[in-house]
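Here you go:
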């Protein structure tokens, strides 16, 4: 099959072996995939991943031995393939299973290939009528929902999202649904405008500028994708407030924590979230993900798509596996 | 009056001006004070404090203009003197008032002098019959109670306290009351023995040794007082578990946070706590603080007391203001 392969660098290969689903897993034909900042970080060395990247996808189950009812079903999938039997899994924290593999990130080939495999237990049916270009956002939207799974954000809270990238825009939209007093801070006026049109307050700051004049927030979400986002976001949290850390990247974040003790700040690391909740929000059109689509490429132009996704300020770049191929870059 | 004074270094002075209580405050004659690690850190430059150190005390109200009912009452006191009217105070977070002074730590002379002043609103009556040497632990015990104020520790939780210093021993005793599965890790066999005698599981590790063989904990409390405690304690927290940071010290704690995001760890900075709860625990003899007393010195030997408190592994050193003076070092 055709696949994007990351070894020392990215290659497009025509003859990658089509996977065969092990027991309990399904073979899925990928219809559409999204490129995430994490994919760009993998190329930089994050997680030391080698193989097929890609973890945002929508596809159709081609073969599911022992679970034939899934065959033909359009699905999205939880990217964490857990053992299901260890103490962590039995405690309900399967996304933290110490034996897990993670689709296109750790120990498991991902979605930027014509086929992938995932455990049947990881699959969620996509509602009929939901376009692929919406369903493909299920995984990143679930990561945004994870904030509300971990932190009780009240309708009366003052909340700040730092970062107007793809993740920041999704986090902001989910947080806006709580009714909280929300401000999103970012460096890109055109991206902030997407939120402003939705009625979300935004603050445009230049790179390196200090954020001034904002009252301290009950909850701050750091979604810049950069290590230097920590200090800025930390300074925006009120005493006893909560700082949610959403960014993951290659390279260490070194944070000065002494004053976080004095101010009794709660820091919450936040990663993958609940896919069913994300699907519900998408089905209810509570979140507008199509506003985040910057470009679509056919799969044979995936290297170009990757380069596009790596441009400074780029929003979501989608990769389309279904013929007819659309013109490169047309959205 | 006689006072211990910190400028470039510590001095014992005979002629420090006796304070006069401003409106709303009380003049308190100190009966007994405790020396805390924070006091030792102040000498190292923490908070850049200059003045009379000391914030653990029990004393008697000598003069309380407008609140004469307090006069003659033996009291302990909340060390955070807040404005009472700002948004932070009105939200119930007076210990984080941006205008606050802190007894013997920031902008306010402390308890290692014959007299101190504190707002009447900060005072709590000491129950009759409670010895000074017990009541003087109210403030540090309240700091230990703050953990339970911030984090829901369940009776079924696996909890680790890292550090067997004064704060670690108090935190451990408070946590033990929840019924949780508790292990305290420390470097001093004789201090761990205090807890072992109370039925708390302990693990003695040599300085620099790696902690091995312990299952990951739901909640870990970092109470080592050293920056290097972070990495060790972090490694002991299960995914989605909670790490409570109790240590404050001069100098920056630089923590690698990327893996805390991947593991979705919650970090909670924790400082001063509820004095009434601490007094209730002391009155119920639910916590044994006298086991932590290492030495008592008369106030005129306070410099010797400070040197004693600074010895590696020293437990609580008390300073006694009441005649007759006891022999130095006798407990």
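Chains as they are written, first to last, in our numbering: chain P, 10 to 340; chain U, 10 to 340.
In this text, a Cβ means the ideal position worked out from N, Cα and C, and glycines have one as well.
By the rule that beta-carbons nearer than 8 Å mark a contact, residue 280(U) touches chain P. Contacts between residue 274(P) and chain U, judged by CB atoms closer than 7 Å, involve 278 in chain order. A check of alpha carbon separations from residue 285(P) across 158(P), 23(P), 140(P) and 80(P) identifies 158(P) as the nearest. Within 8 Å of the CB of residue 239(P), the CB atoms of chain U belong to 266, in sequence order along the chain. Here the alpha carbon of residue 271(P) sits roughly 24 Å from the alpha carbon of residue 290(U). Within 10 angstroms of the beta-carbon of residue 221(U) lie fewer than 16 other beta-carbons, which makes it exposed.
Counting only Cβ-Cβ distances below 8 Å, residue 271(U) has contacts in chain P at 257, 278 and 280, in chain order. Look at the segment 117 to 161 of chain P and you find these whole runs of alpha helix (DSSP H), each 4 residues long or longer: 141 to 144 and 147 to 159.
The beta-carbon of residue 248(U) is placed less than 8 Å from the nearest beta-carbon of chain P. The three-state secondary structure of residue 285(P), taken from DSSP, is helix.
For residue 163(P), the number of other beta carbons within 10 angstroms of its own is below 16, and it is reported as exposed.
By the Cβ criterion, the segment 43 to 50 of chain U is not in contact with the segment 80 to 93 of chain U, since fewer than three pairs of Cβ atoms, one from each stretch, lie closer than 8 Å. With a cut-off of 8 Å on Cβ pairs, the segment 275 to 285 of chain U is in contact with the segment 271 to 281 of chain P, counting three or more such pairs. Taking C-alpha positions only, residue 142(U) is separated from residue 243(P) by approximately 40 Å. Pairing residue 302(U) with residue 179(U), the inter-Cα distance amounts to about 12 Å.
Of the other Cβ atoms in all chains shown, 16 or more fall within 10 Å of the Cβ of residue 247(U); this residue is therefore buried. Residue range 302 to 307 is occupied by the beta strand (DSSP E) that includes residue 306(U).
In this structure, the straight-line span from the alpha carbon of residue 101(U) to that of residue 93(U) is close to 9 Å. With fewer than 16 other Cβ atoms from the protein chains shown falling within 10 Å of its own Cβ, residue 134(P) counts as exposed. Residue 166(P) has its alpha-carbon roughly 20 Å from the corresponding atom of residue 195(P). With fewer than 16 other Cβ atoms from the protein chains shown falling within 10 Å of its own Cβ, residue 53(U) counts as exposed. The alpha-carbon of residue 34(P) is positioned some 11 Å away from that of residue 71(P).
The straight-line gap separating the alpha-carbon atoms of residue 19(P) and residue 13(P) is approximately 7 Å. Fewer than three Cβ pairs drawn from the segment 207 to 224 of chain P and the segment 21 to 33 of chain P lie within less than 8 Å of each other, which leaves the two stretches out of contact.
Residue 155(U) and residue 114(U) have their C-alpha atoms spaced approximately 19 Å apart. Under the three-state reduction of DSSP output, residue 317(P) falls in the helix class. Assignment of alpha helix (DSSP H) within the segment 214 to 299 of chain U, counting only whole runs of 4 or more residues, yields 238 to 243, 267 to 271 and 284 to 292 in chain order.
Around residue 318(U), the same chain offers 44 and 326 as residues with beta carbons nearer than 6 Å, after the five sequence neighbours per side are excluded. As summarised for the segment 75 to 118 of chain U, the continuous beta strand (DSSP E) elements at least 3 residues long and confined to that stretch are 83 to 86 and 110 to 112, given in chain order. Distance from residue 63(P) to residue 127(P) at the Cβ level is roughly 12 Å; contact not present, criterion being Cβ atoms closer than 8 Å. Comparing alpha carbon positions, the residue from 59(U), 117(U) and 57(U) closest to residue 31(U) is 117(U). Residues of chain P whose Cβ lies closer than 9 Å to the Cβ of residue 263(U) are, in chain order, 263, 264, 265 and 266.
Excluding five sequence positions before and after residue 68(P), the CB atoms of its chain that fall closer than 6 Å to its own CB belong to 37, 38, 39 and 40, given in chain order. In the DSSP assignment, residue 34(P) forms a beta bridge with 128(P). Annotation for residue 151(U): 282, 283, 284 and 287 place their beta carbon closer than 6 Å to its own, counting only its chain and skipping 5 residues before and after.
For residue 102(P), a Cβ of chain U is located within less than 8 Å of the residue's own Cβ.
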